[in-house]
Ligand code: AMP
Ligand code: GLY
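In the numbering used here, the protein residues as written are 114 to 531.
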């Protein structure tokens, strides 16, 4: 069978790399892919959705896996399904769990899913009234997609009101901020739990932890994620059970009841407060760089999991995970995340290590050379029997990479070493 992976990041590279091992796959297309995915398969591009669907039909594509949120929110999965093409990824309606924070919060409220106390509003006066009733800090969120930047954690009531006003006026996030969510601050530790879902059933992958800030010790600006590791030892079996029973089960049930069954990767952003998990956000896709540390943990059955989700028969799926730890260190370009960086040639010294590899992201190819052209350029992934070993392998891989201005965090997985 031939498959298509939609997207161009390290996430899509890591899915392709993991699926390459499956003997049932005859070919992988990346739409549009990056400068390194062309080594795993073939990069393709189209002027519009219809051209892509025509290609998938003519080529008899056996499965389309959609990586990023934007095409999901735009309804790519719906169009593919309407043409009888198997797809891993939710419908546009189900993707509102990520596309609209107000929708997600109302959904959580309707189905009794634990989440921070909130209001959603389009009105400044109402915002101020609720802000005055909250203690500090206060969380103000733009409703729509803002490339991960639409959340303000205000340290004063004044700051919260200014954030609310600027969002409502369309100044900070355009139309995405015309509706806002204001909520109480939850103080605890954060986790990402991923469930692969077929609309009714699900499988849960090991909990992962992302590192959102640019610099060591969680300093500096927020980024798309500077590193991740899994499984996160902060999660015990009881917390994971509670995430399943109080968040994932009611979500799948509620979405199906509302006529929007959820098919794809459900990324639950969780805050654990005094041992109890609360839902911070949903994403309707795998996280990046979380995906890069989850895919290598599949020993076998990954393709079956994707296919079973797409077909709706996850109940009978067989798969096996490795009992290993995986660490991913993001190597970013010089000026990330502030502005785009000058193009830089990447040199990689080859390593004789089966326990590490690179997932390529913001790279382009010229002849046989790879250049850093994006913000997050690549992710160095290390595996091991424990965190220390995985870290050693990941950072040995980082040492093998060289390009002008490269930056990375030196403390990935520090929470697991405490
Ligand atoms: P979101 O995009 O909603 O996950 O928010 C981005 C980040 O803001 C989260 O990963 C948390 O670190 C933080 N955050 C969001 N909502 C809250 C909250 N209610 N309490 C504390 N931190 C929050
Ligand atoms: N690493 C967080 C995200 O993919 O949104």
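Each residue gets a CB set at the ideal place from its N, CA and C atoms; glycine is no exception.
Close-in-space but distant-in-sequence residues of the same chain around residue i (CB under 8 Å, 5 per side omitted)
i           : result
residue 343 : 318, 319, 320, 321, 322, 403, 406, 407, 410, 438, 439
residue 426 : 311
residue 182 : 208, 211, 212, 258, 396, 397, 398
residue 389 : 227, 355
residue 241 : 274, 277
residue 196 : 166, 169, 170
residue 333 : 326, 327
residue 153 : 126, 129, 130, 133, 141, 143
C-alpha distance - residue i paired with residue j, whole-angstrom precision
i           : j           : result
residue 243 : residue 460 : 54 Å
residue 436 : residue 235 : 48 Å
residue 532 : residue 337 : Only positions 114 to 531 of the chain appear in this structure, which leaves residue 532 out of reach.
residue 233 : residue 138 : 46 Å
residue 314 : residue 495 : 31 Å
residue 500 : residue 523 : 14 Å
residue 467 : residue 245 : 56 Å
residue 146 : residue 530 : 35 Å
residue 357 : residue 381 : 10 Å
residue 330 : residue 371 : 42 Å
residue 325 : residue 519 : 18 Å
residue 149 : residue 414 : 25 Å
residue 452 : residue 335 : 14 Å
residue 296 : residue 493 : 36 Å
residue 155 : residue 143 : 6 Å
residue 127 : residue 271 : 44 Å
residue 163 : residue 479 : 30 Å
residue 301 : residue 230 : 15 Å
residue 218 : residue 347 : 26 Å
residue 497 : residue 526 : 13 Å
residue 433 : residue 288 : 44 Å
residue 359 : residue 454 : 44 Å
residue 515 : residue 423 : 40 Å
residue 222 : residue 151 : 45 Å
residue 477 : residue 286 : 30 Å
residue 214 : residue 306 : 18 Å
residue 216 : residue 161 : 28 Å
residue 502 : residue 366 : 40 Å
residue 349 : residue 528 : 14 Å
residue 481 : residue 521 : 25 Å
Check: residue i C-beta below 7 Å from any heavy atom of the ligand GDP
i           : result
residue 396 : The model depicted lacks the ligand GDP and carries the ligand AMP and the ligand GLY instead.
Sequence-distant residues of the same chain with beta carbon closer than 7 Å to residue i, five excluded per side
i           : result
residue 203 : 185, 190, 375, 376, 377, 397
residue 276 : 253, 265, 267
residue 464 : 509, 510, 513
residue 421 : 311, 427, 430
residue 368 : 207, 374, 375
residue 401 : 122, 123, 124, 337, 338
residue 412 : 433, 434, 435
Cut-off 6 Å between Cβ atoms - residues of its own chain near residue i, not counting five sequence neighbours on either side
i           : result
residue 373 : 206, 207
residue 290 : 255, 280
residue 449 : 488
residue 120 : 180, 181
residue 386 : 299, 301
Proximity below 8 Å, CB of residue i to CB of residue j
i           : j           : result
residue 444 : residue 491 : yes
residue 462 : residue 123 : no
residue 441 : residue 340 : yes
residue 188 : residue 125 : no
residue 299 : residue 384 : yes
residue 199 : residue 175 : yes
residue 157 : residue 392 : no
residue 135 : residue 172 : no
residue 446 : residue 485 : yes
residue 118 : residue 141 : yes
residue 304 : residue 345 : yes
residue 418 : residue 293 : no
residue 364 : residue 353 : no
residue 483 : residue 132 : no
residue 308 : residue 251 : no
residue 178 : residue 201 : yes
residue 517 : residue 457 : yes
residue 507 : residue 469 : yes
query = Counting only runs that start and end within the segment 436-473, where is the beta strand (DSSP E) found for 3 or more residues in a row?
reply = Inside the segment 436-473, DSSP marks whole beta strand (DSSP E) runs of 3 or more residues at positions 438-445, 457-461, 469-473, from first to last along the chain.
Uninterrupted alpha helix (DSSP H) stretches inside the segment 361-400 (no shorter than 4 residues) = Taken in chain order, the unbroken stretches of alpha helix (DSSP H) that lie wholly in the segment 361-400 and span 4 residues or more are 362-370.
ask   = Listed in chain order, which residues are found with a beta carbon closer than 5 Å to a heavy atom of the ligand GLY?
value = These are the residues, in chain order, with a beta carbon less than 5 Å from any non-hydrogen atom of the ligand GLY: 323, 338, 400, 401.
request  = Tell me the start and end of each unbroken alpha helix (DSSP H) in the segment 220-270 that is at least 4 residues and wholly inside, in chain order.
outcome  = You should have 237-246.
request  = Taking only runs that begin and end inside the segment 144-177, name each unbroken beta strand (DSSP E) of 3 or more residues, in chain order.
outcome  = Taking only runs of at least 3 residues, no beta strand (DSSP E) segment lies wholly in the segment 144-177.
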